[in-house]
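In our numbering, the protein residues as written are -8 to 147.
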């Protein structure tokens, strides 16, 4: 009986250690970038925007949820000339819909959510900007909002 308990204990220890071994080399800094509390001493790599297509399930209901992330830039609600001196780099998004001549700024870091759009094709321009609103990277997301009861005009 003692051998069985030792064996089970060894298997449990191996199971607990195996995922840790697979994660060797993956640190928080690998994912998040440099710590925001320590000034950088080297030049920062260019900021980059990664944008996913709208989530399919909400889009089928006429709701547009666009997830994104920025590399080498932290999305923060901080603006102005002095903010460009902060390291690591900070910034925000400029978002425009359907080639509108205006945009809105988003500094939430959360997915973009668009509801109430009419059925049909749409285009969202997402621009990664520094704290002084200078563009650093941009992505275009094209999608089609299907006709649903919520976005089809009534015939009354």
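A virtual CB, placed ideally from N, CA and C, is assigned to each residue, including glycine. If you're wondering where the values come from, they're calculated on a predicted model, not measured in any experiment.
Using 8 angstroms as the cut-off, can you tell me whether the stretch 89 to 98 makes contact with the stretch 111 to 121, which would need three or more C-beta pairs spanning the two stretches below that distance? yes
For the stretch 40 to 58 and the stretch 69 to 79, state whether three or more C-beta atom pairs, one from each stretch, are separated by less than 8 angstroms. no
Using DSSP with H/G/I as helix, E/B as strand and the rest coil, what is residue 102? coil
Residues sharing a beta bridge with residue 86, DSSP: 95, 117
So is residue 60 buried or exposed if we call it buried at 16+ other beta carbons inside 10 Å? Residue 60 should be labelled exposed.
With a CB to CB cut of under 8 angstroms and the five nearest residues on each side skipped, what residues in its chain are close to residue 45? 55, 56, 57, 132, 134
Count the other CB atoms, across all protein chains shown, that sit within 10 Å of the CB of residue 81; report buried if there are 16 or more and exposed otherwise. buried
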